[in-house]
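S.K.:
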Amino acid sequence: MKNLILALVLMLPVVLQANCIDEHKALIDVLKCMEVKQNTQQQAIQKLKQENAQLKQQVNNLQKTHQTLTQKYANLEKKIEIIETQGVQYAKKAGVAEMLKARNHSHFLRFHYVDDGNHDVFELWRSDNTWHKTIKVESASRIK
1375 MKNLILALVL MLPVVLQANC IDEHKALIDV LKCMEVKQNT QQQAIQKLKQ ENAQLKQQVN
1435 NLQKTHQTLT QKYANLEKKI EIIETQGVQY AKKAGVAEML KARNHSHFLR FHYVDDGNHD
1495 VFELWRSDNT WHKTIKVESA SRIK
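Mind the numbering: the sequence shown is residues 1375 to 1518 in our numbering, read in order.
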């Protein structure tokens, strides 16, 4: 029995050393796996940062487009206000008068053509999307 205990005591350092070597190799493998995982995560983070930068650029472009459209809308509102509040002469000066409001928002007048008798012919547009030749101007003092 003493021999068996002695043999076990003598083999114990060898077994422990072999176990330590195996554990050391296992730890090295674990560290390599963790390093690969960390590299993969860093690459994913870099990709997300690039996508974030692209999205920020798109947001900036959309904000610029929004500002431009807002300015154009404001200019259009000003032109409409000129037509509605200050009358035809100012609208002609602004270059925005194509048609004149007749009796309500369902009727508008516009110049159509000059006929063979050198008369100006105006048309009436109705909200049912039809045009009617209604006014013929022979002179400044006579309107039919």
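Ideal Cβ positions, reconstructed from N, Cα and C, are used throughout, including at glycine.
In this structure, does DSSP put histidine 1398 in helix, strand or coil?
M.R.: It is helical.
S.K.: Thinking just about the alpha-carbon of each residue, which of Gln1441, Ile1509, Lys1452 and Gln1431 is nearest to the one in leucine 1483?
M.R.: Among Gln1441, Ile1509, Lys1452 and Gln1431, the Cα nearest to that of leucine 1483 is on Ile1509.
S.K.: Out of Asp1490, His1481 and Gly1491, which one is the CA nearest neighbour of threonine 1498?
M.R.: The sequence given here has leucine at residue 1498, not threonine. That would be His1481, whose Cα lies nearest to the Cα of leucine 1498.
S.K.: Are histidine 1486 and valine 1495 closer than 8 Å when you measure CB to CB?
M.R.: Yes.
S.K.: Could you tell me the distance, in whole angstroms, from the CA atom of lysine 1411 to the CA atom of glutamate 1397?
M.R.: Going from the Cα of lysine 1411 to the Cα of glutamate 1397 covers about 21 Å.
S.K.: Taking 8 Å as the limit between beta carbons, can you name the residues of its chain near alanine 1476, skipping five residues before and five after?
M.R.: Contacts found: Phe1482, Leu1483 and Leu1498.
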